Each structure stands twice: as structure tokens, then as C-alpha cells.
Amino acid sequence: MRRIVFAHCFLLAIIASAQTDILYQVSTLDALVGGVYEGKTTLGSLKTHGDFGIGTFNAVDGEMMLIDGLFYRVDGTGKVSLAPETERTPFAAVTFFEPDITLRSDSPVSMDSLYRFIDGRLPSENLFYAVRIIGSFGAVRTRSVPRQTKPYVKLTEVVKTQPVFSFSDVKGMMVGFRCPSYAKTVNYAGFHMHFLAQEGEGGGHVLGFSADKVRIEIDVTDGFHLALPDDPEFYRVDLSGDEEAVKRVEK
Ligand code: ZN
Numbered sequence: 097m098r099r100i101v102f103a104h105c106f107l108l109a110i111i112a113s114a115q116t117d118i119l120y121q122v123s124t125l126d127a128l129v130g131g132v133y134e135g136k137t138t139l140g141s142l143k144t145h146g147d148f149g150i151g152t153f154n155a156v157d158g159e160m161m162l163i164d165g166l167f168y169r170v171d172g173t174g175k176v177s178l179a180p181e182t183e184r185t186p187f188a189a190v191t192f193f194e195p196d197i198t199l200r201s202d203s204p205v206s207m208d209s210l211y212r213f214i215d216g217r218l219p220s221e222n223l224f225y226a227v228r229i230i231g232s233f234g235a236v237r238t239r240s241v242p243r244q245t246k247p248y249v250k251l252t253e254v255v256k257t258q259p260v261f262s263f264s265d266v267k268g269m270m271v272g273f274r275c276p277s278y279a280k281t282v283n284y285a286g287f288h289m290h291f292l293a294q295e296g297e298g299g300g301h302v303l304g305f306s307a308d309k310v311r312i313e314i315d316v317t318d319g320f321h322l323a324l325p326d327d328p329e330f331y332r333v334d335l336s337g338d339e340e341a342v343k344r345v346e347k
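At position 193 of the sequence shown the residue is numbered 289 (the numbering used here), and the sequence of numbers has no breaks.
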């Protein structure tokens, strides 16, 4: 009997560890870009799928960062606050963060150089990676999105007047994902990072940066779960693919 119990626990342990390497995503980036700004998933239920991630809130009320199980919001004015778990999200990607690879970069580098440095150390271009970059940055440029009101316009219109924030000589953390190019119809192919300044003085969706001295932690994520909204807006949105629109929104 004892042996059976042991075997059962062992199996549970295997299942638990396997589930932690899944990127769990609510809706698709194209749907968000297409104006599907309201979802039914609460932050509380999203947390059952991860303690780390990025996304946005209903009515695109700011940029979301999930760090160590806490949801941070950078709103349209740049203010940082904790979001209640009763709030809902139209788009988010989360995982349980357990770094497999740790790298260091100790001299000033541009965003593109750092991303190339990271890419050169990944086991494959074809997996998903959760990425955390912690340390000091010479400069960081971010944006956030002000809360939208109905009737909603597409995100490509919203970002034309997006508030942009600049930080210099700032300490903080970037969290996000590097998705493979074949994922481009559901998420952003490449690095999609959000920034939170250490003193809570700001953050947002990363547009560009230079890193001075940073530690890079990477969680190799070989599973992907896409939770599609059961929602008339999602059923109707045109997802036949507008790569240029996604680029305009993300860059
Ligand atoms: Zn973002």
C-alpha cells in the first residue's frame, strides 16, 4: 500500500513539473490588435496557470506584468499599481517561471545586441522562452495604453497617440517572452518584454533600451496552451492576418 501511495505521489510530481513549462495564453495578439478588448478571464484564474507573464487588462487599461504572483499595472499616465485579482484580461501570456539558463552581460549593450547575445545561447529558435532581465539600464523607452471606452477603435489607432516614457540610469526588471517565428499569428515573434522600474517609478511595454549590467534568466518553455475566448467579439474579429498591424502596435 505504501508503495502505491509513493508511486502516486511520484506521478503527481512528474505531472506538476511538466505543467510548469507551459506558456498559457488567453486569446491571440491579432484579436487584441483587432479590437477585442474585453475578456472573461479574471486575474485570479489566470494565476492558476502561472506566476510570471505579461498582457493587458479589459478596456486595455494599461500594461500588465505578472511577477512572483503579483499583477502590476502601468496605466496610461505611467503610474504603477497592483491590480486586483477580480479584474479581467482580454490578452495575457503566463507561465510558472523556473529559469533553466542564466546569463550575464556586464558592459553597455543595445537592445538588439543583447537580444542577439541571448539568441546565440538558446538551444533552439523553435521553442518558447520566458525571459527575465534584471539589473541596471542606461536607458529604457516604454509605452502604455490609456483605458479605452466604447465604441472601441483598433489598437493600431490607439497606439498612434500612445504615451511614451523614457528612463535613464534606471534599475529594474524586464519580463516577457521570446516566441518562435511560427507563432506570429497568435503572439509576437521575437522578444516581447515589459519593464518595471525597481522603485516603482514607472514601466510599460518595452520599445527600446540599452543595458549596463544585467542578469538574464531564461525558462525553456516547450508547451503552449491557447485559451480562446468564448465571446461574440472574438468570433467576429477578422484574424486572416495583418502582420504589419502587429508590428506597428508592438514596435
Ligand atoms: Zn506588451
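For glycine and all other residues, C-beta sits at the position ideal for the given N, C-alpha and C.
Keep in mind the model is a prediction, meaning the values are calculated, not measured.
Cβ-based neighbour list, residue i, same chain, cut-off 7 Å, excluding 5 preceding and 5 following
{"i": "L108", "result": "A caution first: L108 carries a pLDDT of 45, below 50, which makes its placement in the model too unreliable to give a value."}
{"i": "S206", "result": "S306"}
{"i": "G350", "result": "In the structure as shown, the chain begins at 97 and stops at 347. Residue 350 is therefore absent and cannot be evaluated."}
{"i": "V266", "result": "F233, V236, A293"}
{"i": "K280", "result": "E339"}
{"i": "L125", "result": "F187, V282, N283, Y284, V342"}
Integer Cβ distance of residue i from residue j, believed to fall under 8 Å
{"i": "I312", "j": "I229", "result": "5 Å"}
{"i": "T185", "j": "F153", "result": "6 Å"}
{"i": "P276", "j": "E340", "result": "With 8 Å as the limit, P276 and E340 do not qualify as a contact, their Cβ atoms being about 20 Å apart."}
{"i": "F291", "j": "G268", "result": "6 Å"}
{"i": "V254", "j": "V156", "result": "7 Å"}
{"i": "A226", "j": "T317", "result": "6 Å"}
{"i": "G405", "j": "P325", "result": "Nothing in the structure corresponds to residue 405, since the chain is present only between 97 and 347."}
Range of the contiguous alpha helix (DSSP H) that encloses residue i
{"i": "D208", "result": "207-215"}
{"i": "R243", "result": "Premise fails: R243 is in no alpha helix (DSSP H) and is neither H nor E."}
{"i": "A341", "result": "339-346"}
{"i": "F148", "result": "Where F148 is concerned, there is no enclosing alpha helix (DSSP H), although the beta strand (DSSP E) it sits in stretches over 148-152."}
{"i": "P328", "result": "328-332"}
Cβ neighbours of residue i in the same chain (closer than 6 Å, five flanking residues each side left out)
{"i": "M289", "result": "M270, G272, V302"}
{"i": "V310", "result": "S201, I229, G231"}
{"i": "G298", "result": "G174, F261"}
{"i": "G131", "result": "Y248, K250"}
{"i": "G319", "result": "D117, I118"}
{"i": "R99", "result": "Bear in mind that the predicted position of R99 carries a pLDDT of just 48, short of 50, making it too unreliable to give a figure here."}
{"i": "T198", "result": "E313"}
{"i": "L218", "result": "none"}
{"i": "E74", "result": "Nothing about residue 74 can be reported from this structure: the residues present for the chain run from 97 to 347 only."}
Cβ neighbours of residue i in the same chain (closer than 8 Å, five flanking residues each side left out)
{"i": "S336", "result": "none"}
{"i": "P195", "result": "R228, E313, I314, D315"}
{"i": "A323", "result": "Y120, Q121, V122, S123, T137"}
{"i": "E181", "result": "T138, L139, G140, K143, F167"}
{"i": "P204", "result": "G234, S306, A307, D308"}
{"i": "D171", "result": "D157, G158, S177, S240, P242, R243"}
{"i": "T245", "result": "A155"}
{"i": "R344", "result": "T252, V255"}
One or two residues paired with residue i in a DSSP bridge
{"i": "A367", "result": "Given that the chain is displayed from residue 97 to residue 347, the structure contains no residue 367 and the question cannot be resolved."}
{"i": "A323", "result": "V122"}
{"i": "V271", "result": "R228, H290"}
{"i": "Y168", "result": "M161, L178"}
{"i": "S201", "result": "V310"}
{"i": "T137", "result": "T185"}
{"i": "S264", "result": "A235"}
{"i": "V190", "result": "Y120, G149"}
{"i": "A285", "result": "C275"}
Residue i, enclosing beta strand (DSSP E) - first and last residue
{"i": "S177", "result": "176-178"}
{"i": "T257", "result": "Premise fails: T257 is in no beta strand (DSSP E) and is neither H nor E."}
{"i": "E313", "result": "299-317"}
Original post:
Okay, do the stretch 227-241 and the stretch 119-129 touch, 3+ Cβ pairs below 8 Å being the bar?
Top reply: Three or more Cβ pairs closer than 8 Å define a contact, and the stretch 227-241 falls short of that threshold against the stretch 119-129.
**OP:** Any chance you could list the residues with Cβ under 6 Å from a heavy atom of the ligand GDP, keeping chain order?
**Re:** Among the ligands modelled here, namely the ligand ZN, the ligand GDP does not occur.
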